[in-house]
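Some notes on the structure that comes next.
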Amino acid sequence: MIVGLVEHDGGVTSELSLQMLTLGRRLADRLGVSLTALVVGAEARRAVDGLAAYGVSAVHVAVDDRLDEYAPGAWAACVVDLMGRERPGAVLAPGSDRGNEVMAHVGARTGLPVAANCTEVEPGDPYTVTRVRWGGSLLEEARLRGDVKLLTAAPHAVQAEEGPAAGGFSVEEFSPALQEKDFRVKVARREERAAGKVSLSEARVVVGGGRGVGSPEGFRPLEELAELLGGAVGCSRVVTSLGWRPHADQVGQTGVRIAPDLYVACGISGAIQHMVGAKGAKKILVINTDPQAPILAHADYAIIGDVQEVVPALVSAIREAKGR
Amino acid sequence: MDVLVCVKRVPITGGRITLTPDEQDIDTRYLGFTVSPHEECAVEEAVRLVEAHGGSTTALTLGPEAAEEQLRDGLALGADRAVLLETDGAEWDAGATAAAIAQVVRDQSDAGVAYDLLLFGNESADAGGYQVGVRVAHALDLHCVTGVKQLEIRDGAAVARREGPGGFEIYELALPAVITVKEGINLPRYPSIPGRLRAKKAPVERLRSERPAPGLEKVRLRLPQGRDKQAEMLGDGAAGAERAVEVFRQIGVMPP
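For the protein sequence lines, the chains are A and B, in the order given. Everything in the first sequence is counted per my numbering, starting at 4 for the first residue and increasing by one. Everything in the second sequence is counted per my numbering, starting at 701 for the first residue and increasing by one.
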């Protein structure tokens, strides 16, 4: 049996969890075993019905009054409890912040290795997995050992795909063995994200600036361009390190991952750490003085020239076109 | 308060990665080295906490002899002590790394050095295992919060804020604790000249540890499918603007 730890937000299964289940189903098919899901907390019951479409044959719902708020240790204890009951061959979780955190705890509790952010899984003993390094700029083939194989699925490596329904579908509640100390670390309170501005991760157009923008003030034309196109402004790591823009604007491996229809990259050289954050962009327009800049290898369109000359020209050209 | 901050030596990769012929490593012949970005912020956070609350910062790394360079970078930023857990250069998996670090903490505790806070980066830039901090916490029976982007110490407890679904999650936990941080928690300072000079001369404590059999073992590295594109040139300088507007219409980010 393969178990997938499913994350949900207010009863809606996360996209990354559906991708993980798709990877898990392919693995289960290869092994000729069933795919089951684990959800944590009573509220999670609302998320279970849609899972049958992904080939899940049974959903285990961990129920305990104290599971009302996220607690990484307690979630891990639920996984470990289920591992003891069902003896799965592998446990998968989405490669989200939470998924990676919970599986790290599961690995630590059981002494088993964990392979984070896998894109491919080849069963056997040991398993051979392909996983991402450098945020996706490099792939690693690795052997994963352990009585139970623990791994997380790299975000967006596998498309979520519905599959043939399993023979049956059941939902079973269980009370995991949880101790007080599993709840030592638990969300104490939450703050909602401020609404309003177009968020970088969801913007349809992102205008990003790098060192070539020249100064904090140099971002003004980029802001104008973003506003005209209904987009958001991002930047490279150099720019946040220089203190020109807040870290929340940083696109890249240690910042925000963007997925716009258009990314206008201005004065950015194209370090791999930046480019993995922009991987989701459908089209990339590069504005750069250097026709040899590494970022050109990622560009669909390019204008060779200085940002402070090209971007204002773009702004007036768009204004003029809109005025017609 | 006494803080231990753990860092990892990683190459400064530029616009593209080249692998060694045996596909075991990145070809670093022409590259410099640094610590992972999250860890750079962990060092800064440790130094700031000690500036505010008193105490000391110890920087630790598990790595080859050359990783001493990264410890000296930490000392230049304001760390007081440095510990090199020296390896033969082979890669250690997360389980082995955490076990070795936990053993150092235990040994130091037996020798009368106890830490109030153990700081890590959320994940290393290169291997990205997302688990060393958590495993160390378990080995030492300490609380652990990962991915922290704001940290406050009040009355012997930590208030940690991190991004969660739809907003921010706030955790409160008693010290001692393990916290893994993400870039953005602070803006690391540049080392001062006196800091650099002090770091050059400061002693580095050296320990050795043998690599246990890996649970997750690297077989080989490979580069993702080539993404090299031939960009369509829209023009030079301001002259490219007009053609760009046509493109924006074509791809639907401007009304036709």
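Every residue, glycine too, gets a C-beta built ideally from N, C-alpha and C. Note that the coordinates shown come from a computational prediction; the quantities given were computed from them, not determined experimentally.
Closest residue to residue i among the options (Cα-Cα distance)
i: A/S178; options: A/V36, A/V83 and A/A156; result: A/V83
i: A/V314; options: B/I951, B/G940, B/P764 and B/P888; result: B/G940
i: A/V6; options: A/G58, A/R260 and A/D12; result: A/G58
i: B/A752; options: B/E869, B/A759, B/V703 and B/L934; result: B/V703
i: B/R920; options: B/E791, B/T713, B/V735 and B/S736; result: B/E791
i: B/E852; options: B/S809, B/Y871, B/R889 and B/H738; result: B/Y871
i: B/R729; options: B/H838, B/A837, B/G714 and B/C741; result: B/G714
i: B/L818; options: B/E745, B/I885, B/Q850 and B/G778; result: B/E745
i: A/A118; options: A/R88, A/A107 and A/L154; result: A/L154
i: A/D309; options: A/A284, A/G326, A/A324 and A/A268; result: A/A268
i: B/E942; options: A/R28, A/I321, A/A111 and A/A47; result: A/I321
i: A/V242; options: A/G233, A/G213 and A/G110; result: A/G213
i: A/G211; options: A/L147, A/R134 and A/N291; result: A/N291
Neighbouring residues, chain B, relative to residue i (Cβ below 9 Å)
i: A/P297; result: G714, G715 and R716
i: A/R193; result: G864, G866, G867, F868, E869 and I870
i: A/S218; result: Result: empty, since nearest Cβ-Cβ is about 17 Å, beyond 9 Å.
i: A/Q22; result: Residues of chain B passing the Cβ test: none, with the nearest at roughly 16 Å.
Residue i, DSSP secondary structure in three states
i: B/E740; result: helix
i: A/S319; result: helix
i: A/F172; result: coil
i: A/Y304; result: strand
i: A/A111; result: helix
i: A/L288; result: strand
i: B/G952; result: coil
i: B/E791; result: coil
i: A/N120; result: strand
i: B/K929; result: coil
i: A/P97; result: strand
i: A/R49; result: helix
i: B/L840; result: helix
i: B/T728; result: coil
i: B/S756; result: strand
i: A/R187; result: coil
Closer than 8 Å at the beta carbon, the chain B residues around residue i
i: A/S239; result: The premise fails here: A/S239 is roughly 12 Å from chain B at the closest Cβ pair, so nothing lies under 8 Å.
i: A/E125; result: In chain order: nothing, as chain B lies at least about 11 Å away.
i: A/E144; result: K918, V919, R920, L921 and R922
i: A/R136; result: D826, A827, G828 and L921
i: A/A320; result: A941, E942, A944 and V945
Buried/exposed call for residue i, threshold 16 Cβ in 10 Å
i: A/P224; result: buried
i: B/I879; result: buried
i: A/S17; result: buried
i: A/P97; result: buried
i: B/T718; result: exposed
i: B/T720; result: exposed
i: B/R861; result: buried
i: A/V15; result: exposed
i: B/D826; result: buried
i: B/I893; result: exposed
i: B/L897; result: exposed
i: B/S833; result: Per the sequence shown, the amino acid found at residue 833 of chain B is Gly instead of Ser. The residue is buried, with at least 16 neighbouring Cβ atoms inside 10 Å.
i: A/A107; result: buried
CB contact flag (residue i, residue j, <8 Å)
i: B/A782; j: B/A857; result: no
i: A/E143; j: A/T131; result: no
i: A/E195; j: B/G866; result: yes
i: A/I307; j: A/A281; result: no
i: B/A874; j: A/A316; result: no
i: A/M4; j: A/V36; result: yes
i: B/L771; j: B/V881; result: no
i: B/A931; j: A/Y304; result: yes
i: A/T113; j: A/A160; result: no
i: A/L95; j: A/L26; result: yes
i: A/P75; j: A/V42; result: no
i: A/L34; j: A/P158; result: no
i: A/E175; j: A/A61; result: yes
i: A/L147; j: B/L916; result: yes
Residue i CB to nearest heavy atom of the ligand NAP below 7 Å
i: A/G127; result: This structure lacks the ligand NAP, and indeed carries no ligand of any kind.
Amino acids of chain A, ordered along the chain, whose beta-carbon sits closer than 8 Å to that of residue i
i: B/I951; result: D264, L265, K285 and K286
i: B/D936; result: I306, I307 and G308
i: B/L887; result: T243, S244, G246 and H250
i: B/V747; result: Ordered by position in chain A, no residue passes the 8 Å Cβ test against B/V747, which lies about 17 Å from the chain.
i: B/R835; result: A107, G110 and A111
i: B/L873; result: R187 and V188
Residue i: contacting residues in chain A (beta-carbon distance under 9 Å)
i: B/P721; result: Within 9 Å Cβ-Cβ: nothing; B/P721 doesn't reach chain A, min ~16 Å.
i: B/P891; result: Within 9 Å Cβ-Cβ: nothing; B/P891 doesn't reach chain A, min ~14 Å.
Chain-ordered neighbours of residue i on chain B, where CB pairs are closer than 7 Å
i: A/D303; result: K929, A931 and E932
i: A/N120; result: G828
Partner residues on chain A for residue i, Cβ-Cβ distance less than 7 Å
i: B/T846; result: E104
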